[in-house]
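Enquirer: Read in the working numbering, the sequence shown has 91 at position 79, and its numbers run on one by one without any break.
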Amino acid sequence: MRLLGIIGGSGLTQYPGLEITEQKHVETPYGDPSSAIKMGTLNGKQVAFLPRHGDRHNIPPHRINYRANIHALKTIGVTDILAVAAVGGITDKFAPGVLAVPDQIIDYTHGREQSFFSEQFRADNHIDFTWPYDRELREILLKAAADAGLTALDGATYAAVQGPRLETAAEIRRLERDGCDLVGMTGMPEACLAREAELSYATLAVVANWAAGITNNVLTMDEIQQTLAGGIDDVKTIIANVMKQLSG
Ligand code: HPA
Numbered sequence: 013m014r015l016l017g018i019i020g021g022s023g024l025t026q027y028p029g030l031e032i033t034e035q036k037h038v039e040t041p042y043g044d045p046s047s048a049i050k051m052g053t054l055n056g057k058q059v060a061f062l063p064r065h066g067d068r069h070n071i072p073p074h075r076i077n078y079r080a081n082i083h084a085l086k087t088i089g090v091t092d093i094l095a096v097a098a099v100g101g102i103t104d105k106f107a108p109g110v111l112a113v114p115d116q117i118i119d120y121t122h123g124r125e126q127s128f129f130s131e132q133f134r135a136d137n138h139i140d141f142t143w144p145y146d147r148e149l150r151e152i153l154l155k156a157a158a159d160a161g162l163t164a165l166d167g168a169t170y171a172a173v174q175g176p177r178l179e180t181a182a183e184i185r186r187l188e189r190d191g192c193d194l195v196g197m198t199g200m201p202e203a204c205l206a207r208e209a210e211l212s213y214a215t216l217a218v219v220a221n222w223a224a225g226i227t228n229n230v231l232t233m234d235e236i237q238q239t240l241a242g243g244i245d246d247v248k249t250i251i252a253n254v255m256k257q258l259s260g
């Protein structure tokens, strides 16, 4: 049986409408996950929800215990992870308010624990990461959006940056030259840890703002939060449709 785990990011610290039936406090060899895992039902099926930044949104991107989060979800039987992520838009198509299902990642983060194999490494622990997101789960997400009459752009390169500060204009120009469309702070090492744990993983990205220097506007958190709040209903509609498609 498949069990969907939803990792909520900025704008989705709580999951409005999710009736929580149980809070699972999971201990892991890597320490504590960001919060208890909230079990609930959506569309009549069980889901596990984990707010990546903690219940009070007080864990910054570089301090998230990504290993504990993925390990905890795996431990309770999650098979598929849908990561919801707020991002900045770099290239033309990715304007604020747009939803996207990225297909590639470039990792610019540093100093984060990024492997379950650090302590006990074997030669066969080099996982294939050519396509960092699960193809089937991406297709489920895209169909879920289309079924609801919503547009989610298919394919984008996600730049994972360190944060918690936003970028300089020059950094964004470099990301653009590198071929990145979106920039966010939490996509890595979450995605590669999910792959190491043999969980299917895909991201639904919500563009919250134009990345630094793309327009002349100064970025404000107010504006970013407003855009995210506007996108959350669509995100929930898409997730409800994902539940319909997941068998088991
Ligand atoms: N940069 C990095 N992460 C983000 C941004 C951004 O502009 N917007 C939302 N998350």
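Ideal placement from N, C-alpha and C gives every residue a C-beta, glycine not left out.
What number of angstroms, rounded off, separates the C-alpha of M338 from the C-alpha of G56?
Expert: Lying outside 13 to 260, the shown extent of the chain, residue 338 is not represented and no answer is given.
Enquirer: Just to check, is the beta-carbon of M197 closer than 8 Å to a non-hydrogen atom of the ligand HPA?
Expert: Answer for M197: yes, Cβ within range of the ligand HPA.
Enquirer: Quick one: does the C-beta of G175 sit closer than 8 Å to a heavy atom of the ligand HPA?
Expert: At least one heavy atom of the ligand HPA is nearer than 8 Å to the Cβ of G175, so yes.
Enquirer: Using CA atoms only, rank isn't needed, just tell me which of F128, P108, I184 and I236 is closest to G5.
Expert: This structure leaves residue 5 out entirely; the chain is present only between 13 and 260.
Enquirer: Give the single residue among I32, T33, G52 and P73 whose Cα lies nearest to the Cα of S46.
Expert: Taking only the C-alpha atoms, the option nearest S46 is P73.
Enquirer: Counting only runs of 4+ residues fully inside the segment 49 to 93, write out the alpha helix (DSSP H) ranges in chain order.
Expert: Listed in chain order, the alpha helix (DSSP H) runs fully inside the segment 49 to 93 are 78 to 87, counting runs of at least 4 residues.
Enquirer: Beta-carbon separation of L153 and K105 under 9 Å?
Expert: no
Enquirer: May I ask which residues mark the beginning and end of the alpha helix (DSSP H) holding N221?
Expert: Element bounds for N221: not the alpha helix (DSSP H) but the beta strand (DSSP E), S212 to W222.
Enquirer: Quick check on the DSSP output: what are the complete beta strand (DSSP E) runs of length 3 or more inside the segment 166 to 206, in order along the chain?
Expert: 169 to 172 and 194 to 196
Enquirer: For L216, is the beta carbon positioned less than 8 Å from some heavy atom of the ligand HPA?
Expert: no
Enquirer: Can you tell me which of N77, Q126 and V110 puts its alpha carbon nearest to the alpha carbon of A241?
Expert: V110
Enquirer: N221: beta carbon under 8 Å from a heavy atom of the ligand HPA?
Expert: yes
Enquirer: Which of the three DSSP states, helix, strand or coil, is assigned to A252?
Expert: helix
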